[in-house]
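Numbering (the numbering used here), first residue to last: 2 to 320.
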Amino acid sequence: MIKQNKGKARAAASVSIVATAVAAALILGGCDKLPGGKSADGTAASARSPTDMAKVGAYTEGFNKLVGTYGLVETADDYAKADISRQSAQDPIIVSAGWIEQAQDALKSARAMPGGSKAVDQAADTLIADLDKVLARLRPLKVYYDSKAYRDDGLARGKAEDPLMKAEFQTALTDMDAFSEALKAERNKHLAVELAALKARGDLLAYNSKLALQQSESLVDLFKSPEDLSDPATLAKGDAIVAQLETTLADQRKAYAEAKAKTGGQIGPTRQIAADQLTSMIGNYRDLKRSRSVEDFNMMQRNYNSAVELLNLPQPIAR
């Protein structure tokens with residue numbers, strides 16, 4: 002996720018919120034489909050217990066709701082764009098609560114599950130508390146604006162609560178990033194085991210699809226600030242990842258064609274469509290190298306997120 006330079010970003014909440022308008026979704030592991038055995042580094046697959054892996058999966062689903070349609074990121078962005086501080090009681094004002102509550106419920110359900118990482122649970126506790134505060138203010142404000150009560154008080158309540166609402170959104174967005182990093186570190190342990198298991202059983206379509214997502218995530222994660230968009234060292238790392246990713250996608254297309262032929266065309270198009278999204282993401286990256294623009298980076302993340310959403314759906318096993 003691109004973040005504004007700290008010296009500039011926090012000066013106006015709307016600027017820093019808009020900067021996070023697109024956030025990267027996380028890859029959901031196939032936690033209930035792994036055979037036993039060892040990974041390439043010798044780690045026993047059974048060391049990642051089904052309980053722990055299920056909790057990682059549940060947390061991932063909750064997080065993806067936060068960064069998905071009408072989640073925290075989009076709702077915070079829409080609130081900032083309402084620009085309450087510059088409105089009058091005569092203006093039409095719309096404030097949405099989005100689907101934050103559904104994401105919050107998913108995170109709370111995941112937190113209640115047994116097992117898992119202490120670091121992830123602690124980050125989840127912080128984020129859940131933040132979301133409680135966001136919703137506690139946002140729900141009544143939505144009623145205030147929907148009922149147009151702001152016309153009766155001259156928007157006094159709206160203007161008084163506006164900086165508080167923006168601050169609570171920003172705190173939640175910041176802690177969402179911290180939760181994402183903790184969850185990603187834990188999830189990657191499981192993902193390494195899953196990739197090794199997929200390769201060992203010869204499911205090269207699933208293997209290359211999952212590996213392509215992991216490599217794409219690494220590409221997106223390179224860019225932490227607007228300055229990174231024009232940093233030669235960062236772009237050199239990006240070029241190296243893209244070279245690996247294009248090889249993986251070529252292998253994935255080959256595996257898809259073989260699986261389609263083997264199943265008589267019965268395999269669905271989801272993985273092929275996801276590969277097309279990641280190919281478009283590579284195109285966005287090459288545009289970014291020329292433009293150095295946040296807009297092209299956001300297009301990268303949108304295409305990446307679309308691929309994640311597709312590949313997080315249940316997939317048939319190609320045999």
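Glycine included, every Cβ here is placed at the ideal spot set by N, Cα and C.
When the five nearest sequence neighbours on each side are left out, the beta carbons in the same chain lying within less than 6 angstroms of the beta carbon of K143 are those of V96, A98, in order along the chain. Around the beta carbon of L192, 16 or more other beta carbons sit within 10 angstroms, so the residue counts as buried. When secondary structure is reduced to three states using DSSP, L279 falls in the helix class.
Looking at D154, V74, G116, A104, the one whose alpha-carbon comes closest to that of M54 is G116. Non-local C-beta neighbours of L223 in its own chain, meaning closer than 8 angstroms and more than five positions away in sequence, comprise D229, T235, K238, G239, I242, ordered along the chain.
Ranked by Cα distance from L73, the options A161, L128, R87 are led by L128. Here F224 carries a coil assignment [DSSP, helix/strand/coil].
Taking a cut-off of 8 angstroms for Cβ pairs, the region 58-69 and the region 107-115 touch, as three or more such pairs fall below it. Shown here for Y146: same chain residues with a beta carbon closer than 8 angstroms to its own, the five before and five after excluded, namely I94, I95, V96, G159 in chain order.
Inclusion of S281 and D163 in the CB contact set at 8 angstroms is not warranted, their separation being larger than that value. Sequence-distant partners of Q88 (beyond 5 residues in either direction) whose C-beta falls short of 6 angstroms from its own C-beta, in its chain, are I94. Between D297 and N306, the C-beta gap is not smaller than 8 angstroms, which leaves the two residues out of contact. Distance from the CA atom of A173 to the CA atom of K261, rounded to whole angstroms, is 44 angstroms.
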